[in-house]
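Under the numbering used here, the first residue of the sequence shown is numbered 6, with each subsequent residue one higher. Heads up, the beta-carbon is just placed ideally off N, CA and C, and yes, glycines get one too.
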Amino acid sequence: MVKMVKACRSTVMALTFIVVATINILWDFMNSYVACGLALAASVAAGFCVERAFIKRSHREMVRRRGAEWSSANAQPGA
6 MVKMVKACRS TVMALTFIVV ATINILWDFM NSYVACGLAL AASVAAGFCV ERAFIKRSHR
66 EMVRRRGAEW SSANAQPGA
């Protein structure tokens, strides 16, 4: 599961970088360095969103399987 999440996140990040950089460079919105910086920021944000989606999905699955008290059972009292 972890490898799948990393592969999916990396793919989304690479595609986002390519799309944003290409659009900015082809349409001459800004110079190439700024376009690459913007593309890098967009790809990191997209990777973060994909990773959060997988985390939320797995959390919902654990709640469905083990009940609503699953998340509170992991907390250590007095820690």
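Rounded to the nearest angstrom, what separates Cys-41 and Cys-13 at their Cα positions? For the purposes of this step, residue 41 is taken as residue 36 along the sequence shown, with counting starting at 1. For the purposes of this step, residue 13 is taken as residue 8 along the sequence shown, with counting starting at 1. Computed Cα separation, rounded: 21 Å.
If you draw a straight line from the C-alpha of Thr-16 to the C-alpha of Val-7, how long is it? Counting from one through the sequence shown, the residue named residue 16 turns up at place 11. Counting from one through the sequence shown, the residue named residue 7 turns up at place 2. Roughly 14 Å separates the two Cα atoms.
Quick one: what's got a C-beta closer than 7 Å to Val-55's C-beta in the same chain, skipping five residues either side? Within the sequence shown, residue 55 is the residue found at index 50, counting from 1. Cβ within range, chain order: Cys-13, Arg-14, Val-17.
Do you know offhand how far Arg-71's Cα is from Thr-27's? The sequence position of residue 71 within the sequence shown is 66, counting from 1. The sequence position of residue 27 within the sequence shown is 22, counting from 1. Whole-angstrom Cα-Cα distance: 46 Å.
Exposure label - Val-68; buried when at least 16 CB within 10 Å: Here residue 68 refers to the residue found at position 63 of the sequence shown. So Val-68 counts as exposed.
Start and end of the alpha helix (DSSP H) containing Asn-29? For the purposes of this step, residue 29 is taken as residue 24 along the sequence shown, with counting starting at 1. Counting along the chain, the alpha helix (DSSP H) containing Asn-29 begins and ends at 7 to 31.
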